[in-house]
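**Student:**
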Amino acid sequence: MECNPSSSSSRVDRRIIEKNRRIHMKALYSKLHSLVPHNSSREVISLPDQLQEAANYIKKLQIKLEKMNEEKNNLKGIKQLETNHDQEIKNPNLTVGQQRMPQIEVRETGSSLEAILITGADFKFLFSETIRVIHEEGFDVVNATFSILNDTVFHTIHAQIGENYAQENRVSRIIETLNNIALTFVS
9 MECNPSSSSS RVDRRIIEKN RRIHMKALYS KLHSLVPHNS SREVISLPDQ
59 LQEAANYIKK LQIKLEKMNE EKNNLKGIKQ LETNHDQEIK NPNLTVGQQR
109 MPQIEVRETG SSLEAILITG ADFKFLFSET IRVIHEEGFD VVNATFSILN
159 DTVFHTIHAQ IGENYAQENR VSRIIETLNN IALTFVS
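Each number in my numbering comes from the position in the sequence shown (counting from 1) with 8 added on.
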């Protein structure tokens, strides 16, 4: 049998290509491993374990990023309400008589609910009415706070889904009910 020079050179080329591929992959694995935080043990970790560790780390980072984005959006919502309040002070058209119209924002995230009310001192009743409405919609109030700045009261109410909650349109019903209550006391 004759040895074909082109087939032997192609085998050598494939070996070189495969060797370079393995070297490149090893360098990439090493780089990935260096980017993932490790325990202080000096134990050698197998390649599949390194990859699993990297995958777990990436999943943790994704969850952390989602939580941080959610918190950022919540803080933006509060900041937006404060900005609206500042504009309200500058724009007298948003008041009815001497009373400022209350601002109501309700957000539902998963099994929790956050209600933010910005009212004048005249709307002390709205806080208790808000808690009543939230409870009627099947949420259990976990935390409620308020702060007063000049003649403006900022209320924040945190609630969790209770045992007897209505599944559909909870937030829209809460907002609609509270707006109706606020309008009846303004007029």
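Glycine residues also receive a C-beta, built at the ideal position from the N, C-alpha and C atoms.
Note that the structure is predicted; figures quoted are calculated from it, not measured.
In this structure, how does DSSP classify Ile24 when only helix, strand and coil are distinguished?
**Tutor:** The answer is helix: DSSP assigns Ile24 an H, G or I state.
**Student:** Taking just the CA atoms, how far does Lys67 sit from Leu186?
**Tutor:** Leu186 and Lys67: Cα-Cα distance of roughly 40 Å.
**Student:** Beta-carbon separation of Ser120 and His166 under 9 Å?
**Tutor:** Closer than 9 Å, so yes.
**Student:** At the level of alpha carbons, what is the spacing between Phe154 and Ile183?
**Tutor:** Approximately 19 Å between the Cα atoms of the pair.
**Student:** Provide the residue span of the beta strand (DSSP E) that contains Glu116, from first to last.
**Tutor:** That run of the beta strand (DSSP E) goes 111 to 117.
**Student:** Please classify Ile25 as buried or exposed, where buried requires at least 16 neighbouring CB atoms within 10 angstroms.
**Tutor:** Looking at its Cβ environment, which holds fewer than 16 other Cβ atoms inside 10 Å, Ile25 is exposed.
**Student:** Contact defined as beta carbons within less than 8 Å: I believe Asn82 pairs with Glu122. What is the distance between those atoms, to the nearest angstrom?
**Tutor:** Indeed, because the Cβ distance is near 7 Å, the residues count as touching under 8 Å.
**Student:** Which of the three DSSP states is assigned to Glu51 in this structure?
**Tutor:** Coil.
**Student:** Please report the Cβ distance between Thr206 and Val161, rounded to the nearest whole angstrom; I am assuming they are in contact, meaning their Cβ atoms lie under 8 Å.
**Tutor:** In the structure as shown, the chain starts at 9 and stops at 195, and residue 206 therefore has no counterpart that could be examined.
**Student:** Is Asn158 close to the ligand SAM? I mean its beta-carbon at under 8 Å from any heavy atom of the ligand.
**Tutor:** Of ligands this structure carries none, so the ligand SAM is not represented either.
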